[in-house]
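K.L.:
Protein chains: 2
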Amino acid sequence: MTAKGVHGTRPEGSRAVGMKDVAAAAGVSVGTVSNVLNRPDLVSHATRAKVEATMAELRFVRNETARHLRVGHSRVWAYVMLDGRNPFFTDVAAGMEDTADQADLPLFLCNSATLAAREAAYLRRLEQQQVQGILITPVDPGSPLLDEIARRGTPLVIVDRTPKTDRHCSVAVDDVVGGEIAVRHLLDQGHRRIAFVGGELDIGQVRERREGALRALRAAGLGPDRLVDLTTSQMAVADGGNAGRRLAGLPAATRPSAAFCANDLLALGLLQACASLGLRVPDDLAIVGYDDIEFAAAATVPLTSVRQPRRQLGRTAAELLLQETTDPAHEHRQVTFTPELVVRASTYRGSSPREQ
Amino acid sequence: MTAKGVHGTRPEGSRAVGMKDVAAAAGVSVGTVSNVLNRPDLVSHATRAKVEATMAELRFVRNETARHLRVGHSRVWAYVMLDGRNPFFTDVAAGMEDTADQADLPLFLCNSATLAAREAAYLRRLEQQQVQGILITPVDPGSPLLDEIARRGTPLVIVDRTPKTDRHCSVAVDDVVGGEIAVRHLLDQGHRRIAFVGGELDIGQVRERREGALRALRAAGLGPDRLVDLTTSQMAVADGGNAGRRLAGLPAATRPSAAFCANDLLALGLLQACASLGLRVPDDLAIVGYDDIEFAAAATVPLTSVRQPRRQLGRTAAELLLQETTDPAHEHRQVTFTPELVVRASTYRGSSPREQ
DNA sequence: CCTCCGGATTAAAAGGTTTCAACACTCGAT
DNA sequence: ATCGAGTGTTGAAACCTTTTAATCCGGAGG
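So the sequences go chain by chain: A and B. Its first residue numbered 7, the first sequence is counted upward by one per residue in the numbering used here. Its first residue numbered 7, the second sequence is counted upward by one per residue in the numbering used here.
#1: Along chain A, which residues have their Cβ under 9 Å away from the Cβ of B:E103?
#2: Sort B:D47, B:E133, B:L121 and B:R286 by Cα distance to B:H79 and report the nearest one.
#3: Measuring only the C-alpha atoms, how far is B:N69 from A:L75?
#4: Can you tell me which of the three DSSP states B:Q340 falls into?
#5: Is DSSP giving B:T71 helix, strand or coil here?
#6: Okay, do the stretch 177 to 184 of chain B and the stretch 331 to 351 of chain B touch, 3+ Cβ pairs below 8 Å being the bar?
#7: Whose Cβ in chain B lies nearer than 8 Å to the Cβ of A:P93?
#8: Can you name the residues of chain B whose CB is closer than 8 Å to the CB of A:R68?
#9: Quick check on A:A109 - is its C-beta less than 7 Å from some C-beta in chain B?
#10: Return the residue from the list B:H191, B:M102, B:R199 and B:F266 that minimises the CA-CA distance to B:L327.
#11: Express the C-alpha separation of A:R317 and A:R215 in angstroms, rounding to a whole number.
#12: Under 9 Å Cβ-Cβ, which residues of chain A neighbour B:Y296?
#13: Take B:D146 and list the residues in its own chain whose beta-carbon comes closer than 8 Å to its own, dropping the five residues that flank it on each side.
#14: Between the Cα of B:R124 and the Cα atoms of A:Q136, A:N117, A:D110 and A:A126, which residue gives the shortest distance?
#15: Apply the 10 Å Cβ neighbour rule to B:V348 and answer buried if 16 or more other Cβ atoms are within range, or exposed otherwise.
#16: If we call anything under 7 Å between Cβ atoms a contact, is A:V137 one with A:A99?
#17: Evaluate contact between the stretch 273 to 289 of chain B and the stretch 302 to 322 of chain B, counting only Cβ atoms and requiring at least three cross-stretch pairs below 8 Å.
#18: Use the C-beta contact count for A:A59: other C-beta atoms within 10 angstroms, 16 or more gives buried, fewer gives exposed.
#19: Taking C-beta pairs closer than 7 Å, name the residues in chain B that A:Y128 reaches, listed in chain order.
#20: Per DSSP, what are the beta-bridge partners of B:T53 in this structure?
#21: Any contact between the stretch 165 to 174 of chain A and the stretch 186 to 202 of chain A? By contact I mean 3 or more CB pairs, one from each, below 8 Å.
#22: Within this structure, are the beta carbons of A:A249 and A:V203 separated by less than 7 Å?
#23: Expressed to the nearest angstrom, what Euclidean distance is found between the alpha-carbon atoms of A:D312 and A:Q211?
#24: Buried or exposed: which applies to A:R167, given that a residue is buried once 16 or more other Cβ atoms fall within 10 Å of its Cβ?
#25: Output yes or no for whether 7 Å exceeds the beta carbon distance between A:A201 and A:A259.
#26: Per DSSP, A:Y418 is paired with what?
#27: Going along the chain, which residues of its own chain have a beta-carbon closer than 6 Å to the beta-carbon of A:P359, five neighbours each way excluded?
#28: Between the Cα of B:F94 and those of B:D333, B:L43 and B:Y296, spot the shortest distance and give me the residue it belongs to.
#29: Could you have a look at A:L285 and say whether DSSP puts it in helix, strand or coil?
#30: Are the CB atoms of A:T238 and A:D245 within a distance shorter than 7 Å?
#31: Using a Cβ cut-off of 8 Å, pull out every chain A residue sitting near B:D180, in sequence order please.
#32: Looking at the structure shown, is B:S176 part of a helix, part of a strand, or coil, going by DSSP?
#33: List the whole-angstrom C-beta distance separating B:L141 from B:V163, where the pair is believed to meet the contact cut-off of C-beta under 8 Å.
#34: Closest Cβ-Cβ distance between B:T394 and chain A: below 7 Å?
#35: What in chain A is Cβ-close to B:T96, meaning under 7 Å?
#36: So, for A:L291: in the same chain, excluding its five sequence neighbours on each side, which residues have a beta-carbon less than 7 Å away from its beta-carbon?
Right, dumping it as structure tokens:
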């Protein structure tokens with residue numbers, strides 16, 4: 007039943023050139039060719055030059071797969087991103103690339119798109135491919151799959167989430183603090199009723215940012231009723247727009263004067279909705295986003311946002327992985343960063359504020 | 007000298023469980039285990055059940071590498087993106103994922119970040135890994151590397167660029183038409199002096215979009231002097247901001263009343279610069295972007311932009327690859343899409359226009 | 001002249017899967 | 001009883017590298 011595919015049929019039916027061919031053409035054994043590739047210092051200058059010339063001439067492409075089978079692990083890292091279309095994650099990935107580049111390892115990006123099934127499929131493949139290490143921002147950090155993979159021997163670093171077990175390294179940013187500084191800032195600006203625009207509360211991120219918001223209210227002597235929840239199904243731009251329309255529909259007396267969004271995509275959608283609904287920002291509604299993606303500053307009412315050290319996050323995660331794969335005495339570590347608030351025009355009444 | 011790494015040391019020093027172990031535990035030969043995996047219809051119901059149970063019990067993870075070595079190619083696709091941080095490319099990638107998902111093949115994303123060296127490194131790795139197929143938006147579509155790879159047998163599809171040889175399939179969008187409709191629209195709005203904000207002219211995209219702009223001018227009986235070139239080094243948000251400051255510095259008499267940007271990142275940067283320089287959009291400066299990324303609509307002065315069928319582009323590219331890898335009678339094809347203009351507030355004087 | 005030594009090279013085994021020709025067995029038909 | 005066809009299963013080769021122990025060789029020391 008399975009139709010035979012053609013795959014990479016090379017034009018003239020000729021086999022790919024392997025080390026055997028190189029060895030024959032150069033008049034040496036394959037072992038020597040291997041040595042030229044892997045331990046060049048072992049081989050004499052003359053033969054080495056000859057072999058290298060032959061490889062170039064024959065356009066030899068090393069078969070990484072065979073090497074991989076022999077030595078038992080590949081030389082590839084993979085990052086399974088939660089949402090490839092959210093600039094936050096591509097920035098994190100860029101940070102990982104910095105480190106991977108230095109270590110001369112390729113980094114493959116896999117996009118789970120917040121689909122648990124797709125994430126599981128990628129993880130299964132990556133394990134079958136015996137990648138050297140996996141970086142992941144998981145849909146659910148509590149999934150037993152993560153644990154199993156680490157236990158079976160593939161190093162796995164959790165990114166922007168806190169692991170449930172101590173079997174892996176992780177890097178994260180303190181989301182409670184993030185929520186707290188965002189809302190404290192809004193309180194400082196005189197706001198007393200604040201919308202919280204976020205995805206489902208079973209997402210750890212959302213829950214913790216909201217928790218921080220409540221803490222700020224408490225610190226100011228205000229009750230949790232001052233926080234108006236606007237829950238969205240997803241966390242994309244369109245969802246922020248929906249939240250905006252719901253917000254605008256509230257009676258003026260109870261309508262919040264400010265909104266804290268669980269990410270910048272939501273905030274941008276909200277901002278856009280405000281424009282088309284005739285709500286002025288920040289006068290009618292102040293808005294704080296989260297992540298400080300590039301487009302937050304580029305919005306024409308530049309967005310106040312909680313900045314996470316995105317690139318740094320990626321770099322650090324990759325460094326932990328590098329350590330885990332090279333240092334036998336490696337101990338798992340949990341690294342936590344602290345976010346900072348970037349104040350811009352979407353919350354600041356007055357002339358355009360200086361970016362801190 | 008090369009420090010021996012530890013890689014994925016499995017905890018108790020135990021070897022990974024392979025088909026041999028499964029076979030032994032289930033009391034069958036490895037050939038049968040292989041059949042259960044690859045041709046389940048060949049094996050009797052009873053043994054199949056027994057083998058499957060054993061695999062589950064032993065937590066068998068198939069060694070894709072060995073399979074790969076034997077059959078000569080892997081089951082992986084890769085997309086080498088030009089700029090992972092530009093939402094345009096992540097949207098294209100999302101389209102490819104649609105197709106890859108259906109074909110049950112994992113898609114790995116590689117970000118060349120417009121660095122030719124990095125692109126070459128990724129291509130080398132991918133070829134060594136014998137991926138089943140490569141999708142790429144190359145830094146330079148004329149690079150001989152692309153040709154060599156295809157010639158050596160790895161199918162390669164060019165995305166959003168036009169290949170120089172007929173050795174691969176490609177999908178692209180007509181950039182001349184895109185530039186033409188953008189500028190025609192500005193002319194229709196009464197603009198007579200138009201800035202062209204784009205990267206280096208040796209980028210095919212930029213050159214062709216500009217060419218379209220000139221064509222629109224010509225059709226309106228206007229000379230090429232009506233196009234004011236503002237060349238940027240990169241094509242990111244920051245570069246758009248720089249262009250904006252240069253633009254504002256021009257004497258009022260010769261300052262263009264409109265700008266056509268070669269992508270939306272530039273347009274957003276320009277928009278942002280206008281806000282801080284006190285130029286009103288569209289009254290003092292109308293702006294047209296290119297790509298129609300999600301954030302174009304989300305800008306608070308929503309951006310008029312030339313929409314490319316991003317997701318469709320990716321889907322089609324992946325379909326071509328699928329065909330090339332499965333159909334022996336495959337012929338290379340060049341697919342071209344036509345872009346369309348999406349008019350929004352950044353060019354339209356009047357009440358907020360309906361998005362088409 | 002023999003031995004020993006060090007450096008350069010080689011031959012062969014190993015790694016885990018797929019594939020295919022060969023084999024074993026059952027059942028009906030001769 | 002024998003044969004043939006069909007169904008399931010097996011054993012061994014093949015895929016291409018890396019790695020290690022063994023070999024080869026020229027020269028120094030006895």
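Every residue, glycine too, gets a C-beta built ideally from N, C-alpha and C. It should be emphasised that the depicted structure is a prediction, and the values quoted were computed from it without experimental measurement.
P.N.:
On the basis of the supplied data:
#1: For the purposes of this step, residue 103 of chain B is identified with residue 97 of the second sequence, where counting begins at 1. Simply G90, N117, A119 and R124.
#2: Counting from 1 along the second sequence, the entry for residue 79 of chain B is found at position 73. Of B:D47, B:E133, B:L121 and B:R286, the residue nearest in Cα terms is B:E133.
#3: Taking the first residue of the second sequence as 1, we reach residue 69 of chain B at position 63. Taking the first residue of the first sequence as 1, we reach residue 75 of chain A at position 69. Each residue's Cα considered, the two are about 9 Å apart.
#4: Numbered from its first residue, the second sequence carries residue 340 of chain B at position 334. Here B:Q340 sits in strand by DSSP.
#5: Within the second sequence, the letter at position 65 stands for residue 71 of chain B. Three-state result, B:T71: helix.
#6: yes
#7: For this step, residue 93 of chain A is matched to residue 87 along the first sequence. The answer, in chain order, is R91 and P93.
#8: Taking the first sequence and counting its residues from 1, one reaches residue 68 of chain A at position 62. Those within 8 Å of A:R68 in chain B are Q134.
#9: Residue mapping note: residue 109 of chain A aligns to position 103 of the first sequence, counting from 1. So no, A:A109 is outside the interface.
#10: Counting from 1 along the second sequence, the entry for residue 327 of chain B is found at position 321. Among B:H191, B:M102, B:R199 and B:F266, the Cα nearest to that of B:L327 is on B:M102.
#11: In the first sequence, the residue the question calls residue 215 of chain A occupies position 209. In the first sequence, the residue the question calls residue 317 of chain A occupies position 311. Each residue's alpha carbon lies about 20 Å from the other.
#12: Residue numbering aside, residue 296 of chain B sits at position 290 when the second sequence is read from its first letter. Simply none; closest approach about 16 Å.
#13: Sequence index remark: in the second sequence, residue 146 of chain B carries index 140 (1-based). Once the five neighbours on either side are set aside, the close Cβ partners of B:D146 are A122.
#14: Residue numbering aside, residue 124 of chain B sits at position 118 when the second sequence is read from its first letter. If we check each option's Cα against that of B:R124, A:D110 comes out closest.
#15: To locate residue 348 of chain B, count along the second sequence from 1; it is residue 342. Under this definition B:V348 is a buried residue.
#16: By one-based count along the first sequence, residue 137 of chain A stands at place 131. By one-based count along the first sequence, residue 99 of chain A stands at place 93. No, these two residues do not count as a Cβ contact at 7 Å.
#17: yes
#18: In the first sequence, counting from the first residue as 1, residue 59 of chain A sits at position 53. Per the 10 Å Cβ criterion, exposed.
#19: For the purposes of this step, residue 128 of chain A is taken as the residue at position 122 of the first sequence. Neighbours of A:Y128 on chain B, chain order: P112.
#20: Locating residue 53 of chain B in the second sequence gives position 47, where the first residue counts as 1. Paired residues: none, contrary to the question.
#21: Look at the beta carbons and you see the stretch 165 to 174 of chain A not touching the stretch 186 to 202 of chain A: under three pairs across the two are nearer than 8 Å.
#22: Residue mapping note: residue 249 of chain A aligns to position 243 of the first sequence, counting from 1. Residue mapping note: residue 203 of chain A aligns to position 197 of the first sequence, counting from 1. Yes, they are a contact pair.
#23: Your numbering for residue 312 of chain A matches position 306 in the first sequence. Your numbering for residue 211 of chain A matches position 205 in the first sequence. It is worth fixing the name first, because residue 312 of chain A is Val in this sequence and not Asp. Using only the alpha carbons, I get a separation of about 13 Å.
#24: As a first step, residue 167 of chain A must be located in the first sequence, where it is residue number 161. With 16 or more neighbouring CB atoms inside 10 Å of its own CB, A:R167 falls in the buried class.
#25: Within the first sequence, residue 201 of chain A is the residue found at index 195, counting from 1. Within the first sequence, residue 259 of chain A is the residue found at index 253, counting from 1. Against a cut-off of 7 Å, the Cβ pair of A:A259 and A:A201 comes out as no contact.
#26: Residue 418 of chain A falls outside the range modelled here, since chain A spans only 7 to 362, and no answer is possible.
#27: Looking up residue 359 of chain A in the first sequence gives position 353. A caution first: A:P359 carries a pLDDT of 47, below 50, which makes its placement in the model unreliable, though a value can still be read off. Counting only Cβ-Cβ distances below 6 Å, and skipping sequence neighbours, we find V349.
#28: Along the second sequence, one-based indexing puts residue 94 of chain B at 88. It is B:Y296 whose Cα lies nearest to the Cα of B:F94.
#29: Walking along the first sequence from the start, residue 285 of chain A turns up at place 279. In the structure shown, A:L285 sits in coil (DSSP, three-state: anything other than H, G, I, E or B).
#30: The sequence position of residue 245 of chain A within the first sequence is 239, counting from 1. The sequence position of residue 238 of chain A within the first sequence is 232, counting from 1. Against a cut-off of 7 Å, the Cβ pair of A:T238 and A:D245 comes out as a contact.
#31: Counted from its first residue, the second sequence places residue 180 of chain B at position 174. Result: empty, since nearest Cβ-Cβ is about 25 Å, beyond 8 Å.
#32: The sequence position of residue 176 of chain B within the second sequence is 170, counting from 1. B:S176: strand per DSSP, three-state reduction.
#33: The residue given as residue 141 of chain B occupies position 135 in the second sequence. The residue given as residue 163 of chain B occupies position 157 in the second sequence. The Cβ separation is near 5 Å, so the contact holds.
#34: Only positions 7 to 362 of chain B appear in the structure, and residue 394 of chain B is not among them; the question remains open.
#35: For this step, residue 96 of chain B is matched to residue 90 along the second sequence. The answer, in chain order, is G90, R91 and T96.
#36: By one-based count along the first sequence, residue 291 of chain A stands at place 285. So the qualifying residues of the chain are S263, A264, A265, C280 and L285.
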